[in-house]
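Take a look at the structure below.
Residue numbers (full-length UniProt numbering): 1 to 62.
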């Protein structure tokens with residue numbers, strides 16, 4: 001499975017960032033190019049989700 005690793009300094013707490021990243025179902029509302037998202041499985045320790053990305057007529061589900 002492809003993975004993306006990235007770091008950045010942001011003016012938000014770790015709790016705020018976790019809540020943002022963990023809210024997978026809201027991704028289409030604030031992520032440019034995200035046309036859909038779905039939680040595939042979730043537990044107290046992990047989550048697996050699918051994200052649909054669309055740009056210039058091309059669609060990809062990951």
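Built from N, CA and C at the ideal position, the CB exists for glycine as well. All values reported here derive from a predicted model rather than from experimental measurement.
For the alpha helix (DSSP H) containing residue i, list its first residue and its last residue.
{"i": "residue 29", "result": "27–30"}
I need the straight-line Cα distance from residue i to residue j, nearest angstrom please.
{"i": "residue 34", "j": "residue 52", "result": "6 Å"}
{"i": "residue 18", "j": "residue 28", "result": "17 Å"}
{"i": "residue 2", "j": "residue 61", "result": "12 Å"}
{"i": "residue 39", "j": "residue 46", "result": "11 Å"}
Mind reading off the beta-carbon distance from residue i to residue j? Whole number of angstroms is fine, and I expect it under 8 Å.
{"i": "residue 24", "j": "residue 44", "result": "With 8 Å as the limit, residue 24 and residue 44 do not qualify as a contact, their Cβ atoms being about 16 Å apart."}
In the UniProt domain "Coenzyme Q-binding protein COQ10 START" (10–60), which residue ranges form an unbroken alpha helix (DSSP H) of at least 4 residues, counting only runs that do not cross its ends?
-> As for any alpha helix (DSSP H) of minimum length 4 sitting wholly inside the UniProt domain "Coenzyme Q-binding protein COQ10 START" (10–60), the runs are 14–22, 27–30, ordered along the chain.
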